[in-house]
Amino acid sequence: MVLDEDTLDRLTLSMDPVDQTMEMRPGETRTFSLGVIECCYILELVEACATWSVDPPEGASIDPDTGFFTVDAQTLSGSVFTVSADVDNGRRVVSVEVHVFTPEDNPLVGLWREEAQYACGTGEEVVPEQPIGELRFRADGSFGVTWMPFEIYVDYWGTYAYDLPRGTLDLVIEGGNCVPDDVDGSGLFSLHEEGRLILRDMWLGRPRGQTGAGYCGHRLSQ
Numbered sequence: 065m066v067l068d069e070d071t072l073d074r075l076t077l078s079m080d081p082v083d084q085t086m087e088m089r090p091g092e093t094r095t096f097s098l099g100v101i102e103c104c105y106i107l108e109l110v111e112a113c114a115t116w117s118v119d120p121p122e123g124a125s126i127d128p129d130t131g132f133f134t135v136d137a138q139t140l141s142g143s144v145f146t147v148s149a150d151v152d153n154g155r156r157v158v159s160v161e162v163h164v165f166t167p168e169d170n171p172l173v174g175l176w177r178e179e180a181q182y183a184c185g186t187g188e189e190v191v192p193e194q195p196i197g198e199l200r201f202r203a204d205g206s207f208g209v210t211w212m213p214f215e216i217y218v219d220y221w222g223t224y225a226y227d228l229p230r231g232t233l234d235l236v237i238e239g240g241n242c243v244p245d246d247v248d249g250s251g252l253f254s255l256h257e258e259g260r261l262i263l264r265d266m267w268l269g270r271p272r273g274q275t276g277a278g279y280c281g282h283r284l285s286q
């Protein structure tokens, strides 16, 4: 099937119209598909003549005809692959990055929801007036914070760096739709067997419309 120019220009391999990256674990598989973003956030699949490839070829493989992609079980956490679809013999090449991670190397990756906040000084738990609905860490080193998730909306986003042995976490805000002015992005993190993430000596801010002093930590769960 030969695609028209408008469809060709809008082709993507990701459901996120902004973030063209994906994350997988060693040994995982998936079949990539071409599509276009419709109605802001819905990926509508498109039939097209495409040849698939992966770079580098060591550590992962892809079927050139079907787009069936495999990360080798021995591939190291932190590896990055570029999956590409050559559409209509070179009319357009569409690519997406695949970031490989393991929970042992990066236990932060995933979606977290706030359960409690910690008062400064005493460390007493406080029930949030409006809990954070989504704190998302991605394997590519980006994060996003959203109080009231809706479709693809995010309150603010940026990059993060962590030190697993020391338990330190640093968030750097790079943009947002509603960025609080009281964020303290540097502090400590710990993970508990109950599946909870504890952030101490840091504060992700107050949502729009809330006033008053902030607190000094958060408890979140997946």
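Note that my numbering has the sequence shown beginning at 65, numbered continuously upward.
Quick reminder that beta carbons are idealized off the backbone N, C-alpha and C, glycines included.
Check: How would you call GLY99, buried or exposed, if buried means at least 16 neighbouring beta carbons within 10 angstroms?; Outcome: buried
Check: Give me the Cβ distance between MET266 and GLY249, rounded to the nearest whole Å; I'm assuming they're in contact under 8 Å.; Outcome: 6 Å
Check: Per the DSSP calculation, GLY222 is bridged to which residue(s)?; Outcome: PHE207 and ILE237
Check: Pull up the DSSP beta-bridge partners for ILE126, would you.; Outcome: PHE133
Check: Per DSSP, what are the beta-bridge partners of TYR182 in this structure?; Outcome: GLU189
Check: Where does GLU69 sit, in a helix, a strand or coil, going by DSSP?; Outcome: helix
Check: Are GLN138 and PRO213 touching if we call contact CB-CB under 8 Å?; Outcome: no
Check: ASP219 and THR210: beta carbons closer than 8 Å?; Outcome: yes
Check: Go through the region 81-105 residue by residue and report every complete run of the beta strand (DSSP E) that reaches 3 residues or more, in order.; Outcome: 85-88, 93-95 and 99-102
Check: Quick check: is the beta carbon of GLY174 nearer than 8 Å to any beta carbon in chain B?; Outcome: Checking the listed chains, one finds no chain B in this structure; it contains a single protein chain.
Check: Counting along the chain, where does the beta strand (DSSP E) carrying PHE13 start and finish?; Outcome: A query on residue 13 cannot be resolved here, the shown segment of the chain reaching from 65 to 286 and no further.
Check: ARG74 by DSSP, collapsed to three states: which one?; Outcome: helix
Check: What did DSSP end up calling GLU215 once you bin it into helix, strand or coil?; Outcome: coil
Check: Tell me, please, which residues DSSP counts as bridged to LEU255.; Outcome: LEU261
Check: Restricting to Cα atoms, I'd like to know which of ARG260, VAL243 and ASP119 is closest to ARG177.; Outcome: ARG260
Check: Assign ASN241 to one of two classes, buried (16 or more other C-beta atoms within 10 Å of its C-beta) or exposed (fewer than that).; Outcome: exposed
Check: Please determine if the region 128-137 and the region 190-202 are in contact, where contact requires at least 3 C-beta pairs separated by less than 8 Å.; Outcome: no
Check: CA-CA distance, VAL190 and ARG230?; Outcome: 26 Å
Check: If contacts are defined as beta-carbon pairs under 8 Å, then VAL151 and LEU75 qualify, I think. What distance do you get, rounded to the angstrom?; Outcome: 7 Å
Check: Distance, Cα to Cα, VAL144 vs CYS280?; Outcome: 35 Å
Check: Are LEU72 and ARG200 closer than 8 Å when you measure CB to CB?; Outcome: no
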